[in-house]
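Visitor: Numbering (this note's numbering), first residue to last: 73 to 234.
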Ligand SMILES: NC(=O)c1ccc[n+]([C@@H]2O[C@H](COP(=O)([O-])OP(=O)(O)OC[C@H]3O[C@@H](n4cnc5c(N)ncnc54)[C@H](OP(=O)(O)O)[C@@H]3O)[C@@H](O)[C@H]2O)c1
């Protein structure tokens, strides 16, 4: 398996408000589940805490949580790690995506057809810029979700030619 990152972002790259995501798109949650099922998922402590308690740990996947804190009742069901593993799915949040995007082999990105930066102001958490080492491999048409239109993109790392 390789290292992948998976996120949903608005047109202005917002991924959250520090606590959750400012949209509700069940089709995107299903897409996330389909891609990550059976594989390790890796997330920052704040993203772990943003998951509703009844949904964590995410079932069918080994849950790794990056934190400098000691494991405890708060992390029940997850494995606390201090360093990033070399394979699995990076699933947020902003701090973890920014630290790992350059090392990923594939990016699964959902684009939500809305902007949020102005509305959220200082609370907005952002996806990283996609490094120039990636190329757009696949993109769906726009689809109508519960609260917003969305489309899926898959970016892959350009392999250097010998
Ligand atoms: N739209 C999406 O696809 C999506 C996906 C995921 C999350 N989100 C959103 O993103 C937001 C959360 O993102 P965030 O940037 O605030 O936080 P985050 O990246 O989820 O977590 C940050 C935490 O990770 C730990 N950490 C970071 N680097 C580390 C390192 N090198 N070693 C050990 N631990 C490390 C620290 O935990 P400690 O403080 O415990 O040490 C840090 O406070 C929420 O709004 C969430 O809803 C959106």
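Where a beta carbon is used, it is the ideal one built from N, C-alpha and C, also for glycine.
Small disclaimer: the values here were computed from a predicted structure and weren't measured.
On a CA-only basis, which of 221, 149, 125 and 205 is nearest residue 233? Give me that one, please.
Guide: Selected option, being the one with the closest Cα: 205.
Visitor: For a test of the three-state rule: what should DSSP assign to residue 117, helix, strand or coil?
Guide: Correct three-state label for residue 117: helix.
Visitor: Beta strand (DSSP E) containing residue 104: first to last residue?
Guide: Not the beta strand (DSSP E): residue 104 falls in the alpha helix (DSSP H), residues 98–108.
Visitor: Looking only at C-alpha atoms, which of 95, 192, 230 and 111 sits nearest to residue 131?
Guide: Here the closest residue by C-alpha is 111.
Visitor: With burial defined as no fewer than 16 other Cβ atoms inside 10 Å of the residue's Cβ, what is the status of residue 127: buried or exposed?
Guide: So residue 127 ends up on the exposed side.
Visitor: If you draw a straight line from the alpha carbon of residue 134 to that of residue 150, how long is it in whole angstroms?
Guide: Between residue 134 and residue 150, the C-alpha separation is close to 7 Å.
Visitor: In the DSSP assignment, find the unbroken alpha helix (DSSP H) run with residue 166 in it and report its ends.
Guide: 166–172 is the span of the alpha helix (DSSP H), which, as asked, contains residue 166.
Visitor: Which same chain residues, not among the five before or five after residue 220, have their C-beta less than 6 Å away from its C-beta?
Guide: The answer, listed in chain order, is 95, 184, 185 and 186.
Visitor: Could you tell me if the beta carbon of residue 171 falls within a distance shorter than 7 Å of some heavy atom in ligand 1?
Guide: Yes - ligand 1 has a heavy atom lying nearer than 7 Å to the Cβ of residue 171.
Visitor: Under the rule that 16 or more other beta-carbon atoms within 10 Å means buried, what is residue 193, buried or exposed?
Guide: With fewer than 16 Cβ atoms within 10 Å of its Cβ, residue 193 is classed as exposed.
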